[in-house]
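Following: one structure in C-alpha cells, then a few remarks.
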Amino acid sequence: MQAAERLEAILSAQYEKYFEYLDILDSQYDAIQAGSSESIQVHIRLEASLRENIESLQKVITALEKMLSPEEQFSTCKNLYAEIDTVKERITQNIKRNKELLDKRMDEVQEEIQLIHKNLASRPKTVFAPQHSSVMLDIQC
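Just so you know, the sequence shown maps onto residues 7 to 147 in the working numbering.
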C-alpha cells in the first residue's frame with residue numbers, strides 16, 4: 007500500500023474516532039444533566055481512552071505526512087482534512103459546553119451542601135444531643 011493510500015486510511019480511522027468522541031461528549035452532557043456521578047466517571051474514562059487512541063493515530067499520520075509532499079497530501083486527502091477540522095471544532099465546542107454545565111452543577115451541589123449545613127446548625131437542640139458545657143476541675147498533687 008502506498009503512503010498516500012495509507013494516510014487516507016488512517017485519516018479515515020481518525021475521523022471515525024472523532025465522531026465516537028462527539029458521541030461520548032453528548033452522552034457525558036446527558037449524564038451531567040442527570041447528576042449521575044458514576045456515569046460521568048465512566049464517560050471521563052472513555053474520553054481519556056479515546057483521546058489516547060486518537061493521539062496514537064496522529065503519530066502515524068504525522069510520520070506518513072513526512073513521507074509525502076504537501077501536494078500529495080492535499081491532492082489525496084484534502085476533503086478528509088477539512089472534515090476532520092470541522093469535527094475537531096465541534097468537539098472543542100462540546101467540551102466547553104460540558105465544562106460549563108459541570109461547573110454550574112458543581113456550584114449547585116456546593117449550594118445544597120451549604121444549605122444542609124445551615125439547616126443542621128439552626129436545628130433546635132434535643133435532650134439526646136451531647137451537652138457541651140465547661141467543667142472546671144481542681145487537680146491537686
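Cβ atoms here follow ideal geometry from the backbone N, Cα and C, with glycine treated the same way.
Where residue i sits in the DSSP three-state scheme
i     : result
Ser42 : coil
Ser33 : helix
Gln8  : coil
Ser81 : helix
Leu4  : The shown model of the chain, from 7 to 147, leaves out residue 4, and the question about it has no answer.
Leu63 : helix
Ser75 : coil
8 Å contact criterion, which residue i and residue j should meet: CB distance rounded
i     : j     : result
Ala10 : Glu78 : 6 Å
Ile16 : Ile67 : 5 Å
Gln20 : Gln47 : Incorrect: roughly 26 Å between the Cβ atoms, too far for contact.
Euclidean distance between Cα positions of residue i and residue j
i      : j      : result
Leu13  : Gln39  : 39 Å
Ile122 : Phe25  : 42 Å
Asp32  : Ser62  : 23 Å
Met73  : Asn104 : 38 Å
Lys84  : Ser18  : 12 Å
Arg57  : Arg51  : 10 Å
Arg111 : Glu118 : 11 Å
Asp91  : Phe80  : 14 Å
Candidates the options: closest to residue i by CA position
i      : options                        : result
Ile101 : Glu22, Asn85 and Asp36         : Asp36
Val115 : Ser43, Glu22, His49 and Glu53  : Ser43
Tyr27  : Leu70, Lys94 and Gly41         : Lys94
Gln8   : Leu86, Glu71 and Ile90         : Glu71
Asp109 : Gly41, Leu126, Glu22 and Asn59 : Gly41
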